[in-house]
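Chemist: Just add 1233 to the spot in the sequence shown (first one is 1) and you have the numbering used here.
Okay, here's the structure, questions in a sec.
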Amino acid sequence: MKARVPVATLALALASGAWAYDYPTVDRVEYVLECLRNNGGQQEYLYKCSCAIDAIAKELPYEEYVESSTAARYQSLAGEQGGLFRDPEPAKRMAKKYTELQKRVKRQCDIK
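If you want it as structure tokens, here you go:
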């Protein structure tokens, strides 16, 4: 049976951390919820996924996080629209930087 985490608990867990760059709470919650979903919704991942977004927030200003995570997410988008994220060199660099950061924080926070 999957554990359900109340959103208020999730927001409280996210708000309690200290970080170098302030990200809107809604973006932190969305990151953690997606991470939880990608890891079977297990309770232990609430902490691990919170760890990951906190680590990202220590390294990337919010605007850079939005741009680089968007570029990484849409690199595989087919067709002409995907070309906006796939083809330009700046988009490639942003996506690569974010992907490498993701790998590093997943190891750091014990996310498989």
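By construction, the Cβ of each residue, glycine as well, lies at the ideal position given by its N, Cα and C atoms.
Could you check whether Q1308 and A1328 sit closer than 8 Å to each other, using their CB atoms as the reference points?
Modeler: Yes.
Chemist: I believe E1292 touches L1334 by the beta-carbon criterion, under 8 Å. Please report the beta-carbon distance rounded to the nearest angstrom.
Modeler: 6 Å between Cβ atoms; contact.
Chemist: Is L1317 helix, strand or coil when you go by DSSP?
Modeler: Helix, per DSSP.
Chemist: Report all residues from its chain with a CB closer than 8 Å to the CB of T1303; omit the five preceding and five following residues, and keep chain order.
Modeler: Once the five neighbours on either side are set aside, the close Cβ partners of T1303 are F1318.
Chemist: Beta-carbon of G1273 versus every beta-carbon of chain D: anything under 8 Å?
Modeler: Looking at the structure shown, chain D is missing, and only one protein chain is on hand.
Chemist: What do you reckon, are the CB atoms on V1265 and L1279 nearer than 8 Å?
Modeler: Contact: yes.
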